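One structure is given below, encoded as C-alpha cells.
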Amino acid sequence: MISAAGIELRAGPDALLVDGSLRIGPGDRVGLVGRNGAGKTTLMRTLAGETQPAAGQITRSGTVGYLPQDPRTGDLEITARGRILSARGLDEIVTRLHTASERMGSTTGEALDKVMSQYARAEAEFMALGGYAVESEAATIAASVGLPERVLGQPLGTLSGGQRRRVELARILFSGADVLLLDEPTNHLDADSIGWLRRFLGAYKGGFIVISHDTELLDATVNRVIHLDATRQELDAYSMGWKAYLQQREVDERRRKRERSNAERQASTLREQAERMRAKATKAKAAQSMLKRADR
Ligand SMILES: Nc1ncnc2c1ncn2[C@@H]1O[C@H](COP(=O)(O)OP(=O)(O)OP(=O)(O)O)[C@@H](O)[C@H]1O
Ligand SMILES: [Mg+2]
Numbered sequence: 187m188i189s190a191a192g193i194e195l196r197a198g199p200d201a202l203l204v205d206g207s208l209r210i211g212p213g214d215r216v217g218l219v220g221r222n223g224a225g226k227t228t229l230m231r232t233l234a235g236e237t238q239p240a241a242g243q244i245t246r247s248g249t250v251g252y253l254p255q256d257p258r259t260g261d262l263e264i265t266a267r268g269r270i271l272s273a274r275g276l277d278e279i280v281t282r283l284h285t286a287s288e289r290m291g292s293t294t295g296e297a298l299d300k301v302m303s304q305y306a307r308a309e310a311e312f313m314a315l316g317g318y319a320v321e322s323e324a325a326t327i328a329a330s331v332g333l334p335e336r337v338l339g340q341p342l343g344t345l346s347g348g349q350r351r352r353v354e355l356a357r358i359l360f361s362g363a364d365v366l367l368l369d370e371p372t373n374h375l376d377a378d379s380i381g382w383l384r385r386f387l388g389a390y391k392g393g394f395i396v397i398s399h400d401t402e403l404l405d406a407t408v409n410r411v412i413h414l415d416a417t418r419q420e421l422d423a424y425s426m427g428w429k430a431y432l433q434q435r436e437v438d439e440r441r442r443k444r445e446r447s448n449a450e451r452q453a454s455t456l457r458e459q460a461e462r463m464r465a466k467a468t469k470a471k472a473a474q475s476m477l478k479r480a481d482r
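Counting along the sequence shown from 1, when you hit position 14 you're at 200 in this note's numbering, and nothing is skipped either side.
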C-alpha cells in the first residue's frame with residue numbers, strides 16, 4: 187500500500203503538483219495520465235521513494251516494484267537471468283547451485299563430500315523459495331516480454347537498451363510486489379508482448395499504477411484513472427474504467443470552462459462598477475476593494 191497526502195512536486199522553480207493526495211492498495215489498478223511534461227514520471231519516482239516531495243507525506247507498506255521510464259545502469263556483469271531471479275532472492279542460490287554442480291565433476295574424496303553437502307544446502311534453500319517451478323515461471327515471463335532463453339544467459343552489459351529494459355520489466359513482474367509502479371511499460375515491446383502484458387496486468391492480484399500512452403492497455407486493465415492536470419497542478423481522481431473516464435472528463439472540462447467564463451463575466455461587471463466609482467473621489471476606497479474582488 188502506498189499513500190500520499192498533501193504532496194507538492196516541483197521542477198526547479200515551477201510547481202508540477204500542489205497538495206496532491208492518493209492511495210493505492212490491493213486491487214487498485216490505476217492509470218496515471220497527463221500531457222507530456224506534466225510530471226507523471228516525477229510523481230511516480232516520488233511514490234517509489236527515489237526522490238522526496240517538496241512538501242507532504244508519503245507512507246509505504248509491503249513491497250513495491252518500480253519500472254522507471256529510463257532504466258538506470260546497474261551491475262552489468264550479472265546475467266539477465268540472475269537479474270530477473272534477484273527479485274525474489276533466487277539469483278545467489280542459483281549461482282551456488284551451478285558452481286557446486288560444476289565442482290562435483292572435478293573433485294574426489296573429502297573435497298567431494300564437502301561440495302556435495304554445499305550443493306544439498308543450496309538446493310534445500312532453492313526448494314524453500316519455490317524451486318524449479320519458480321525458475322520456470324521467471325523464464326515464462328521473460329519469454330513473454332521477448333527475452334528468449336539464449337539472451338537470459340548473457341551478461342546485461344552485452345544487451346541492447348531495449349533488451350535491458352525488458353529484463354527490468356520481467357524482473358518487476360516476476361517480483362510479485364504488492365504494488366507495481368510502471369512508467370511506460372510497453373516501450374520496446376512488440377505487439378505480442380503488449381497483448382501478453384495486458385492479460386498479465388488484467389489478472390494481477392496486487393495493486394498497480396501504470397503510465398501509458400497505450401489506450402488499449404488502459405482500457406483492458408485499469409479501474410481507476412488519475413489525471414495530473416498540468417494547468418491547475420492538481421490530481422483529478424476518477425474511480426472508473428478507461429472509457430467511462432474519457433466521458434466523465436469531457437463533462438468535467440465543459441463544466442470548468444462554463445464556470446471560468448461565468449467568473450470572468452462577473453469580474454468584468456465588477457471592474458466596470460469600480461471604474462465608475464473611481465470617477466467619484468469619495469468612493470475610491472470601495473472601488474479599490476471591488477477591483478481586488480474582481481481580480482480574485
Ligand atoms: N532532473 C530534472 N531537472 C529539472 N527539471 C526536470 C528534471 N526532470 C524532469 N524535469 C522537468 O519536470 C517536468 C516534468 O517531467 P516528467 O518527466 O515528470 O513529465 P512526464 O509527465 O513524465 O512527461 P512525459 O509524458 O514526456 O514522460 C518537465 O518540465 C521536465 O522538464
Ligand atoms: Mg514521463
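C-beta atoms are modelled at their ideal positions from N, C-alpha and C, and glycine is treated no differently.
Owing to the predicted nature of the structure, the values given are computational and were not obtained by experimental measurement.
Beta-carbon separation of residue i and residue j under 8 Å?
i: F386; j: L359; result: yes
i: G242; j: G198; result: no
i: Y305; j: A324; result: no
i: P257; j: R351; result: yes
i: Y424; j: V411; result: yes
i: D369; j: M230; result: yes
i: K429; j: D405; result: yes
i: V216; j: L276; result: no
i: A266; j: L338; result: yes
i: S379; j: S330; result: yes
i: L367; j: I327; result: no
i: G235; j: G393; result: no
i: G251; j: A363; result: yes
i: F312; j: L283; result: yes
i: D376; j: G332; result: yes
i: T281; j: G291; result: no
Closer than 6 Å by C-beta to residue i: which residues in its own chain qualify, once you throw out the five before and the five after it? Chain order, please.
i: V219; result: H413
i: L262; result: L342 and G343
i: I188; result: I210, L233, R246 and V365
i: S361; result: G251 and A273
Have a look at the DSSP bridge pairing and note the partners of residue i.
i: Q243; result: A191
i: A423; result: I412
i: V250; result: V365
i: T265; result: P341
Using only the alpha-carbon positions, how far apart do residue i and residue j sit?
i: A308; j: Q340; result: 23 Å
i: K391; j: L456; result: 56 Å
i: A473; j: R442; result: 29 Å
i: V353; j: Q238; result: 27 Å
i: A310; j: Y318; result: 12 Å
i: I210; j: R274; result: 23 Å
i: E458; j: T417; result: 29 Å
i: K478; j: A460; result: 10 Å
i: S207; j: R462; result: 45 Å
i: P254; j: I397; result: 10 Å
i: G381; j: T407; result: 11 Å
i: M426; j: A314; result: 40 Å
i: M302; j: K226; result: 52 Å
i: R464; j: K471; result: 8 Å
i: A190; j: D415; result: 17 Å
i: H374; j: R384; result: 15 Å
i: A480; j: Y431; result: 34 Å
i: E439; j: T228; result: 25 Å
i: I279; j: G248; result: 24 Å
i: V204; j: D422; result: 12 Å
i: Q433; j: E194; result: 28 Å
i: K300; j: T372; result: 47 Å
i: D200; j: I244; result: 21 Å
i: I264; j: R446; result: 57 Å
i: E450; j: G388; result: 45 Å
Please work out which residues of its chain come closer than 7 Å, Cβ to Cβ, to residue i, disregarding the five sequence neighbours upstream and downstream, and give them in chain order.
i: R196; result: L202 and A240
i: K466; result: none
Does any residue of chain B bring its CB to less than 8 Å from the CB of residue i?
i: D481; result: Among the chains of the structure shown, chain B does not appear; only one protein chain is present.
| said: So within the segment 289-350, which uninterrupted alpha helix (DSSP H) runs reach at least 4 residues, ignoring any that extend past its ends? | reply: 295-314, 317-330 and 335-338
| Where are the beta strand (DSSP E) runs, 3 residues long or more, that stay fully inside the segment 191-232, in chain order? | Uninterrupted beta strand (DSSP E) stretches at least 3 residues long and entirely within the segment 191-232 occur at 200-210 and 215-219, given in chain order.
| Residue ranges of each alpha helix (DSSP H) run of no fewer than 4 residues wholly in the segment 364-404, ordered along the chain? | As far as the segment 364-404 is concerned, its whole alpha helix (DSSP H) runs of at least 4 residues are 377-388.
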